[in-house]
Structure formats: structure tokens, C-alpha cells
Amino acid sequence: MDYCRMYFSSADGGQNFVWLQYFAELLIVRVLPMHAFKTILLAVTRLHSSELELSQTFRLVSDNNARLIIAVFDQSLDVLQRLQFLPLEGKLEALCRKQLEEYTEELRAKAWEEGVQAETCIVPGKPRQVIGGLINEYGVDLVVKLADPCGPLARNQLTGNDLALLRKCPVPVLMMASRGQLPGFTGNIMVALDVGDPNHDAAELNRNLLLNGLYLSSQEQAQLHIVSVWGLPVEHHALQHFDEEELYELQETTHRRYQKKLDEALDEVTIDKNCPDIHCYLLKGQPAPEIQRLANEVNVDVIVMGTLGHHAQGVLMGNTAENIINNVYCSILAIKPEGFISPLG
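Here you go:
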């Protein structure tokens, strides 16, 4: 399957629907079920919500013919339920719940205006604390959430609650940057791969990342940027024992190995890297700063990336992933490896 020729055939606006319809059918037939999202959970907090968050979710639901669950999380309900000794606690809780119900109905009406039928629920507490039960109850395979604000001094860094959600959520999470951080759609999707890991699970994760990147870039008619970073497999202090010729040979051999692995990953999902809408980068250096630099330089809208390190045991996010997430001005689609066991249940 040649994605480049297929994409060019869609250059005429009149053929876009045919292209998207064909791609949707391809996703259902050829790739993993996770790429045809069946149930999408929109996690809304009254602390921070936006039209961007809603419109993106409604479009995802429509494009996937998916079920939409809108969950409105409110910590005040959880607090009131714990403080039962508080005078007039029952009246306060009733007033709070009434406001939440009105807000939830507004969200349902907005979805209906976009042709989407939404199911809604009000959930006491924070998403990271209780979202696991909702995922199991509704069979959710994608969570969408707008990143909570961190304040003007660290506006690009995620809160502890959002980081915990990315670490522990058993299904992909689309953590959306606020419009203030990314003041316009640039038409650039990035996929960050680790092609140097020989583990079979890492190769499978790379495949999933690429397929998700292909899906998003086709859906948004965006440029797809695929990046991996390579470095020498020894510590810097050990390199002093190599002469210039040996060091050069080591660098060339390592670079060729990574390039071969990257080409194999692309071939696995039949991506033509010569397509003008697909851009591949094999950068030398440390993964986090190099990916951050490229993401900010290209001004990407979304980075598709895995969020577990090599030796993570359930809840630990890899240092590379966490450093990237906290130093880029864009949305993140975070995906776990197959077989990840979430502590959320």
C-alpha cells in the first residue's frame, strides 16, 4: 500500500471524502482495533475547558462513528461528601450538583448541534483518581482531556494530576494543550520513535505510534514528521580510548544500524518516506532535548509518543517521555505498550 500516492489522489478537495472513507476502511481491516476508536471519553473539569477541546472531540467521534461519553469531574462534590459534619452540607451539595447538571446539559446540547449523541455523567473527584472505573464500565479506548493550567511561570508544564493520568491510564490519552499555548493549527503531526530498543514490545509500540500518527495526519490533512534519535552505545568517558578512525567507524556503524531500524519500522506500516507530506528525521544526541527542539522548531500540533520507560513497573513514566512532555508547546497523544497493566484497575 503506497500512502504517498493515496495522499496525492486526495489533493483535489472533491476527493477528500473518498480518501478519508477509504482510510477509515483501511484502519478497520488492516491495523489494530485501537485505531478505529469505538468509545471516546471526554474528561472535562470545570477548572479548564474550551471550544477547541469540544470541537476536536466531536470530530474524532464523528470520524470514527464512535460512542461519546462526557464525564464532568468536580472535586468539590468529593470534598462535600467527605465533610458531612459541615453545616448545610446537604444544601451545598444539592446546589453544586444542580450547577453541574446544567453545565453537563450544555455540553450534551453542543454535541447534539454537531450531530453527536453524547452520554454524560458527573463524577466526584479528579480524573486520575477515578477514571479507571469509567474506562472499564464503558469500554473506553481513548481519553481526551484539556491540560489543566499551571500558571504563567510554567505554562508549558503539566500539573501533577495530568502527569499522573498520562502515567497510569491504561488506554491512549490525548492531552490537549490550551489554545493560548498553541495559538493556531499548524498542520504538523509528529511521531517520536525509539528504534534503538531491540525488544519486540518496543517494535510493536513503534508500529502503533506510526499507525496513530498516520491516522491523525490523514484526518487533519497534516504533514507527518517522524523522528528518532541515535547515540553511541557507550558512556562518553569510554570514548577517550578510541582513536579517531575507530571513533568514526563506531559512529558510522551505529548511525547505519539506527537508519536500518527506522527504515524497517516505516516499511512495517508501508510508509513512503519520499512522500512530500512525510518528513523523517534521524537525529544524533540525547532523545529528550533533540525531540523537544525539533517539535518547537517545526511547531507541531500533536506529538504521538509512548509513555513508559524500558524498566517501568506499572506506573513509572520514562524520563525521556516526561522531559519531552514538560518542555513542548503542543498536545500529546500518549500511548502505552501492549500488555501494560494499569494501577487504575
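In my numbering, each residue's number is its place in the sequence shown (first place is 1) plus 334. Quick reminder that beta carbons are idealized off the backbone N, C-alpha and C, glycines included. Note that the structure is a prediction, hence the values are computed from the model and not measured.
The beta carbon of LEU616 is closer than 7 angstroms to those of SER562, TRP564, TYR592, GLN593 and LEU596 in its chain, skipping five residues each way along the sequence. Annotation: the continuous alpha helix (DSSP H) that includes ASP597 extends over 578–602. Secondary structure note for PRO621: its alpha helix (DSSP H) is the uninterrupted segment 621–632.
In this structure, GLY640 and PRO621 do not form a Cβ contact; the two beta carbons are roughly 11 angstroms apart against a cut-off of 8 angstroms. If you compare the alpha carbons of GLN390, PHE371 and LEU499 with that of ILE659, the shortest gap goes to LEU499.
In the displayed model, PHE371 falls within coil according to three-state DSSP, outside both helix and strand. Remark: three or more beta-carbon pairs, one from each stretch, lie closer than 8 angstroms, so the stretch 502–511 and the stretch 468–483 are flagged as touching. With a 10 Å radius around the Cβ and a threshold of 16 neighbouring Cβ atoms, GLU624 comes out buried. The beta-carbon distance between LYS479 and PRO461, rounded to whole angstroms, is 6 angstroms. This is short enough to meet the 8 angstroms contact definition. DSSP links GLU453 through a beta bridge to ILE403. Beta bridge pairing from DSSP links TRP564 with LYS618. Judged by DSSP secondary structure, ASN522 falls within the beta strand (DSSP E) whose first and last residues are 522–527. In the displayed model, LEU492 falls within coil according to three-state DSSP, outside both helix and strand. Selection ARG501, ASN495 and ASP601 evaluated against LEU545 yields ASP601 as nearest (Cα-Cα). Annotation for ALA511: ALA481, TYR663, CYS664 and SER665 place their beta carbon closer than 7 angstroms to its own, counting only its chain and skipping 5 residues before and after.
Taking C-beta atoms as the reference points, ASN522 and HIS575 fail to come closer than 8 angstroms.
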